[in-house]
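A.B. asks: I'd like to ask you about the structure that follows.
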Amino acid sequence: MEQLVIEKSKNLRGEIDSQGSKNSALPILAATVIVRGKSVIHKCPHLTDVEAAIKILRYLGCKVEWQDDALVVDSETVNRCDIPEDLMHEMRSSIVFLGPLLGRCGKAELSAPGGCEIGLRPIDLHIKSVKRFGVEINEGFGKISCRANGKLKSCETVLSFPSVGATENAMLSACLAEGTSVIFNSAREPEIEDLADFLNKCGAKISGAGTGKIVVEGVKRLSGCEHTVIPDRIMISTYLACCAVTGGEIKINNVCCDHISPTFNVFVQSGCELICRQNSVTVKSNGELKPIGTVRTMPYPGFPTDFQAPSMTMACVANGTSVIVENIFESRFKHACELIRMGANIKVEGRVSVIEGVKELTGANVTSTDLRGGSALVVAGLCAQGQTVVRNLSHIDRGCEKFSETLNSLGARIRREQTPDEKGQKT
Ligand code: UD1
Numbered sequence: 323m324e325q326l327v328i329e330k331s332k333n334l335r336g337e338i339d340s341q342g343s344k345n346s347a348l349p350i351l352a353a354t355v356i357v358r359g360k361s362v363i364h365k366c367p368h369l370t371d372v373e374a375a376i377k378i379l380r381y382l383g384c385k386v387e388w389q390d391d392a393l394v395v396d397s398e399t400v401n402r403c404d405i406p407e408d409l410m411h412e413m414r415s416s417i418v419f420l421g422p423l424l425g426r427c428g429k430a431e432l433s434a435p436g437g438c439e440i441g442l443r444p445i446d447l448h449i450k451s452v453k454r455f456g457v458e459i460n461e462g463f464g465k466i467s468c469r470a471n472g473k474l475k476s477c478e479t480v481l482s483f484p485s486v487g488a489t490e491n492a493m494l495s496a497c498l499a500e501g502t503s504v505i506f507n508s509a510r511e512p513e514i515e516d517l518a519d520f521l522n523k524c525g526a527k528i529s530g531a532g533t534g535k536i537v538v539e540g541v542k543r544l545s546g547c548e549h550t551v552i553p554d555r556i557m558i559s560t561y562l563a564c565c566a567v568t569g570g571e572i573k574i575n576n577v578c579c580d581h582i583s584p585t586f587n588v589f590v591q592s593g594c595e596l597i598c599r600q601n602s603v604t605v606k607s608n609g610e611l612k613p614i615g616t617v618r619t620m621p622y623p624g625f626p627t628d629f630q631a632p633s634m635t636m637a638c639v640a641n642g643t644s645v646i647v648e649n650i651f652e653s654r655f656k657h658a659c660e661l662i663r664m665g666a667n668i669k670v671e672g673r674v675s676v677i678e679g680v681k682e683l684t685g686a687n688v689t690s691t692d693l694r695g696g697s698a699l700v701v702a703g704l705c706a707q708g709q710t711v712v713r714n715l716s717h718i719d720r721g722c723e724k725f726s727e728t729l730n731s732l733g734a735r736i737r738r739e740q741t742p743d744e745k746g747q748k749t
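Each residue of the sequence shown is one higher than the last, beginning at 323 in this note's numbering.
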């Protein structure tokens with residue numbers, strides 16, 4: 323196991339490029355299963371979640387290879403429609419293979435993904451919407467067995483909540499279904515639009531992605547295309563948070579400012595200056611933050627739950643009181659415990675947390691609780707007095723590409739090393 327050792331870092335400065343979006347890349351990789359021939363996915367981030375998706379694709383019979391930052395997937399040779407339990411469990415979003423497998427093979431054998439660190443994460447909405455396409459589903463003994471009688475049938479489906487994953491599965495099921503399908507109350511996240519853009523380039527007929535009503539006209543066949551994954555809006559905001567707490571000025575290129583605009587208010591409230599240009603964002607901070615006000619996580623274009631944890635770190639070192647309400651996942655405040663170990667003053671009551679800013683956090687040994695919680699601890703380590711050690715990097719590696727290298731290029735002082743126990747064992 324490895325850990326990050328972070329020294330207090332002052333005045334981050336410089337220019338970086340945003341990584342491609344994890345949450346776009348994963349459904350696009352799953353989508354290659356319904357595409358015949360080669361798909362070239364540019365700006366696909368090098369992450370353990372992407373590696374998990376590659377393992378699933380290879381298991382299904384696809385040929386997959388990296389060509390620099392592009393992942394080339396040839397899905398002509400798909401020859402099975404099941405995903406074994408160990409591969410399903412490696413990555414929560416493996417459930418997004420359900421729609422593509424049904425579209426390609428008319429059947430799918432998966433195991434239930436189960437809950438995770440941030441909540442129960444049921445898949446009832448995925449199952450309900452896929453059933454509407456004429457799929458028979460049997461669940462039991464931790465398995466999900468799905469079978470369509472011939473081709474999927476188009477349908478109208480209404481999501482009771484605009485779930486990102488359920489919208490993706492419905493859209494993916496609809497692409498090769500007979501007739502025109504409509505998804506009401508669909509999620510409006512930019513990653514949904516990116517998936518639709520990829521599929522449309524492959525020959526799909528999807529309109530309305532990015533709105534609450536998506537219309538998909540079924541087509542007979544999809545063929546491979548080249549596509550560039552959108553910038554990772556959560557990582558961009560996370561780097562902005564790093565600069566906010568340390569002070570300094572950083573410019574991030576390969577940015578879509580519209581996608582990150584739901585997080586702007588936090589930076590503006592805290593007294594940072596943001597400059598958005600066509601393809602970049604610059605943040606300037608004097609390192610002395612004001613409270614972030616009241617932040618409520620909501621489906622896009624509301625404040626993203628994935629940026630809740632890093633924004634909590636900003637609130638921890640602000641001069642006053644902030645409130646965060648987590649409306650999307652039921653147990654997404656686990657990072658608060660670790661921040662408290664670093665001297666933060668946080669009270670959590672159900673889905674609400676109240677944060678009294680302290681003058682300075684203090685370095686401590688902390689454990690990353692989930693992907694975004696882990697990145698929040700890195701943000702905290704950058705502004706904490708002394709040294710912070712962040713353990714359990716497997717979460718961070720799921721979503722942050724070259725996190726410590728990128729921060730070091732901006733003047734941060736972070737090193738990645740083996741945890742002492744393992745060092746001991748090796749010598
Ligand atoms: C995606 C993102 C994740 C982000 C989340 C919300 C990916 C790979 N992951 O996750 O980073 O935090 O959107 O923006 O894109 N729900 C149900 N039943 C279902 C499905 C969801 O009750 O069948 C609930 C969830 O438990 C959660 C809420 O709906 O409370 C939102 O989940 P959803 O939008 O589906 O998130 P994911 O697609 O899993």
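Backbone N, C-alpha and C fix where the C-beta goes; we use that ideal spot for every residue, glycine too.
What does the Cβ neighbour count give for Leu348, buried or exposed, with the cut at 16 atoms within 10 Å?
C.D. replies: Along the sequence shown, one-based indexing puts residue 348 at 26. Leu348 is buried by the Cβ-count criterion.
A.B. asks: For the ligand UD1, is there a heavy atom less than 7 angstroms away from the beta-carbon of His717?
C.D. replies: Here residue 717 corresponds to residue number 395 of the sequence shown, with the count starting at 1. Because no heavy atom of the ligand UD1 lies under 7 angstroms away, the Cβ of His717 does not count as near it: no.
A.B. asks: I need the boundaries of the alpha helix (DSSP H) containing Asp580, first residue and last residue.
C.D. replies: Position 258 of the sequence shown holds residue 580. Element bounds for Asp580: Cys579 to Ile582.
A.B. asks: Report all residues from its chain with a CB closer than 8 angstroms to the CB of Arg380; omit the five preceding and five following residues, and keep chain order.
C.D. replies: For this step, residue 380 is matched to residue 58 along the sequence shown. Once the five neighbours on either side are set aside, the close Cβ partners of Arg380 are Val386.
A.B. asks: On the three-state DSSP scale, how would you describe Leu393?
C.D. replies: To locate residue 393, count along the sequence shown from 1; it is residue 71. It is a strand residue.
A.B. asks: In angstroms, rounded to a whole number, what distance separates the CA positions of Glu513 and Gly464?
C.D. replies: Your numbering for residue 513 matches position 191 in the sequence shown. Your numbering for residue 464 matches position 142 in the sequence shown. Spanning the two alpha carbons is a distance of roughly 29 angstroms.
A.B. asks: I need the DSSP call for Phe752, collapsed to helix, strand or coil.
C.D. replies: With the chain covering 323 to 749 only, the question about residue 752 has no answer from this structure.
A.B. asks: Count the other CB atoms within 10 Å of the CB of Val480; is the residue buried (16 or more) or exposed (fewer)?
C.D. replies: In the sequence shown, counting from the first residue as 1, residue 480 sits at position 158. Val480 should be labelled exposed.
A.B. asks: Taking 8 angstroms as the threshold, find out whether the region 600-612 comes into contact with the region 487-506 through three or more Cβ pairs.
C.D. replies: Output reads no: the region 487-506 does not touch the region 600-612.
A.B. asks: Can you name the residues that DSSP bridges to Gly441?
C.D. replies: Here the question's residue 441 lines up with position 119 in the sequence shown. Answer by DSSP bridge pairing, in chain order: Cys438.
A.B. asks: Would you call the CB atoms of Lys573 and Glu337 closer than 8 angstroms?
C.D. replies: Position 251 of the sequence shown, counted from the start, is the residue given in the question as residue 573. Position 15 of the sequence shown, counted from the start, is the residue given in the question as residue 337. In this structure, Glu337 lies closer than 8 angstroms to Lys573 by Cβ.
A.B. asks: Does the region 582-599 touch the region 613-625, meaning 3 or more C-beta pairs lie closer than 8 angstroms?
C.D. replies: Counting Cβ pairs under 8 angstroms, three or more are found: they touch.
A.B. asks: Give me the Cβ distance between Thr635 and Ala698, rounded to the nearest whole Å; I'm assuming they're in contact under 8 angstroms.
C.D. replies: Mapped onto the sequence shown, residue 635 falls at position 313. Mapped onto the sequence shown, residue 698 falls at position 376. Contact holds; Cβ gap of about 5 angstroms.
A.B. asks: Would you give the residue range spanned by the alpha helix (DSSP H) that His411 belongs to?
C.D. replies: In the sequence shown, counting from the first residue as 1, residue 411 sits at position 89. Segment Glu407 to Glu412, the alpha helix (DSSP H) holding His411.
A.B. asks: Short check: CB of Ile505 to CB of Ile536, under 8 angstroms?
C.D. replies: Residue mapping note: residue 505 aligns to position 183 of the sequence shown, counting from 1. Residue mapping note: residue 536 aligns to position 214 of the sequence shown, counting from 1. In contact: Ile505 and Ile536 (Cβ atoms closer than 8 angstroms).
A.B. asks: Using 10 angstroms around the beta-carbon of Pro553, count the other beta-carbons present and answer buried if the total reaches 16, otherwise exposed.
C.D. replies: Here residue 553 refers to the residue found at position 231 of the sequence shown. By the 10 Å Cβ count, Pro553 comes out buried.
A.B. asks: Quick one: any contact between the region 433-444 and the region 400-413, if contact means 3 or more CB pairs under 8 angstroms?
C.D. replies: They touch, by the three-pair rule.
A.B. asks: Within the continuous beta strand (DSSP E) that includes Ser644, where are the two ends?
C.D. replies: Translated into the one-based positions of the sequence shown, residue 644 becomes position 322. Thr643 to Val647 is the extent of the beta strand (DSSP E) around Ser644.
A.B. asks: Beta-carbon within less than 7 angstroms of Thr550's beta-carbon, same chain only, minus the 5 sequence neighbours each way: which residues are those?
C.D. replies: Numbered from 1 along the sequence shown, position 228 holds the residue referred to as residue 550. For Thr550, where only same-chain residues beyond five positions count, the Cβ hits under 7 angstroms are His364 and Lys365.
A.B. asks: Using 10 angstroms around the beta-carbon of Met323, count the other beta-carbons present and answer buried if the total reaches 16, otherwise exposed.
C.D. replies: In the sequence shown, residue 323 corresponds to position 1, counting from 1. Looking at its Cβ environment, which holds fewer than 16 other Cβ atoms inside 10 Å, Met323 is exposed.
A.B. asks: Can you list, in chain order, the residues of its chain whose CB lies under 7 angstroms from that of Gly383, leaving out five sequence neighbours each side?
C.D. replies: Stepping through the sequence shown from its first residue, residue 383 is reached at position 61. So the list reads Thr399, Val400, Asn401 and Arg402, once near-sequence residues are dropped.
A.B. asks: According to DSSP, which residues form a beta bridge with Gly462?
C.D. replies: Counted from its first residue, the sequence shown places residue 462 at position 140. Lys465, per the DSSP bridge assignment.
A.B. asks: What residue range is occupied by the uninterrupted beta strand (DSSP E) comprising Ala430?
C.D. replies: Taking the sequence shown and counting its residues from 1, one reaches residue 430 at position 108. Note, Ala430: beta strand (DSSP E), Lys429 to Ser433.
A.B. asks: Does the ligand UD1 have a heavy atom nearer than 7 angstroms to the CB of Pro626?
C.D. replies: Here the question's residue 626 lines up with position 304 in the sequence shown. Pro626 Cβ: within cutoff of the ligand UD1.
A.B. asks: According to DSSP, is His549 part of a helix, a strand, or is it coil?
C.D. replies: By one-based count along the sequence shown, residue 549 stands at place 227. Three-state result, His549: strand.
A.B. asks: What do you get for Leu424, buried or exposed, if any count of 16 or more other CB atoms within 10 angstroms of its CB means buried?
C.D. replies: As a working note, residue 424 is residue 102 in the sequence shown. So Leu424 ends up on the buried side.
A.B. asks: My assumption, with CB atoms under 8 angstroms, is that Val639 sits in contact with Val567. Please give the rounded CB distance.
C.D. replies: Walking along the sequence shown from the start, residue 639 turns up at place 317. Walking along the sequence shown from the start, residue 567 turns up at place 245. So it is a contact: roughly 6 angstroms between Cβ atoms.
A.B. asks: What are the boundary residues of the beta strand (DSSP E) that includes Glu329?
C.D. replies: Counted from its first residue, the sequence shown places residue 329 at position 7. Glu324 to Glu329 is the span of the beta strand (DSSP E), which, as asked, contains Glu329.
A.B. asks: Does the beta carbon of Gly441 fall short of 7 angstroms from some heavy atom of the ligand UD1?
C.D. replies: By one-based count along the sequence shown, residue 441 stands at place 119. Under cutoff, so the answer is yes.
A.B. asks: Just curious, the beta strand (DSSP E) that Gly570 is in, first and last residue?
C.D. replies: In the sequence shown, counting from the first residue as 1, residue 570 sits at position 248. It spans Gly570 to Asn575 - the beta strand (DSSP E) in which Gly570 sits, taken as one unbroken run.
A.B. asks: Where does the unbroken beta strand (DSSP E) through Asp371 begin, and where does it stop?
C.D. replies: Along the sequence shown, read from residue 1 onward, the residue named residue 371 stands at position 49. Asp371 -> not in any beta strand (DSSP E); alpha helix (DSSP H) instead, spanning Thr370 to Leu382.
A.B. asks: Can you list, in chain order, the residues of its chain whose CB lies under 8 angstroms from that of Gln296, leaving out five sequence neighbours each side?
C.D. replies: Missing from the structure shown is residue 296; the chain here goes from 323 to 749 and no further.
A.B. asks: Select from Glu431, Pro626, Ala734 and Asp743 the residue whose C-alpha is nearest the C-alpha of Asn333.
C.D. replies: For the purposes of this step, residue 333 is taken as the residue at position 11 of the sequence shown. Minimum Cα distance to Asn333 is reached at Ala734.
A.B. asks: Just to check my reading of the structure: Gly525 and Arg510 have Cβ atoms closer than 8 angstroms, yes? What is that Cβ distance to the nearest angstrom?
C.D. replies: By one-based count along the sequence shown, residue 525 stands at place 203. By one-based count along the sequence shown, residue 510 stands at place 188. In fact, because the Cβ distance is near 24 angstroms, the residues do not count as touching under 8 angstroms.
A.B. asks: Just how far apart, CA to CA, sit Ile440 and Val645?
C.D. replies: Looking up residue 440 in the sequence shown gives position 118. Looking up residue 645 in the sequence shown gives position 323. So the alpha carbons of these two residues sit roughly 19 angstroms apart.
A.B. asks: Should Val486 be listed as close to the ligand UD1, given that the test is whether its C-beta is under 7 angstroms from any heavy atom?
C.D. replies: As a first step, residue 486 must be located in the sequence shown, where it is residue number 164. Because some heavy atom of the ligand UD1 lies under 7 angstroms away, the Cβ of Val486 counts as near it: yes.
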